[in-house]
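Remarks on the structure that follows.
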Amino acid sequence: VQLQASGGGLVQPGESLRLSCAASGSIFNINGMGWYRQAPGKQRNLVADVISDGSTNYADSVKGRFTISRDNTKNTVYLQMNSLKPEDTAVYYCSALLRTGTGWGRYWGQGTLVTVSS
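Numbering (this note's numbering), first residue to last: 129 to 246.
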């Protein structure tokens with residue numbers, strides 16, 4: 129199983145970015161998919177997640193600015209990030225709770241860097 133994330137980059141405050149993460153491999157089904165971020169010297173924290181019924185959960189710091197969505201036909205999760213702030217600068221990791229032939233497990237993507245700076 130692989131989770132391939134893309135879409136990071138350097139933007140100015142107030143601008144937008146869209147992250148994508150596609151899961152591939154021998155996947156039987158996927159429960160939750162989400163995004164976490166880790167700023168330099170800090171722990172990795174949840175940004176947003178979406179479970180199989182479409183329910184979403186957001187960190188307070190991104191509510192109203194970020195939107196998570198999911199395409200189950202493509203095993204892909206997206207994170208639309210608007211009104212970006214310097215404090216959003218971090219490495220963003222996608223994650224999925226999914227089932228393979230060996231059972232359920234949490235898988236991580238490789239991380240994509242988002243830098244918000246003027």
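Every residue gets a Cβ at the ideal spot worked out from N, C-alpha and C, and that includes glycine. Note that this is a predicted model, so its numbers are computed, not measured.
- Quick check: the region 235 to 243 against the region 168 to 186, are there 3 or more CB pairs under 8 Å? Contact fails: fewer than three Cβ-Cβ distances are below 8 Å.
- Could you spell out where the beta strand (DSSP E) holding glycine 233 opens and where it closes? As a first step, residue 233 must be located in the sequence shown, where it is residue number 105. It spans 231 to 236 - the beta strand (DSSP E) in which glycine 233 sits, taken as one unbroken run.
- Three CB pairs or more closer than 8 Å across the region 152 to 172 and the region 134 to 141: Between the region 152 to 172 and the region 134 to 141 there are fewer than three inter-stretch CB-CB distances shorter than 8 Å, so the stretches are not counted as touching.
- Query: Hey, out of Leu212, Ser245, Tyr221, Arg198, whose CA is closest to isoleucine 158's CA?
  - Reply: Position 30 of the sequence shown, counting from 1, holds the residue named residue 158. Among Leu212, Ser245, Tyr221, Arg198, the Cα nearest to that of isoleucine 158 belongs to Arg198.
- Query: Exposed or buried, glycine 162, counting other C-beta atoms within 10 Å across all chains shown (16 or more means buried)?
  - Reply: Translated into the one-based positions of the sequence shown, residue 162 becomes position 34. Glycine 162 should be labelled buried.
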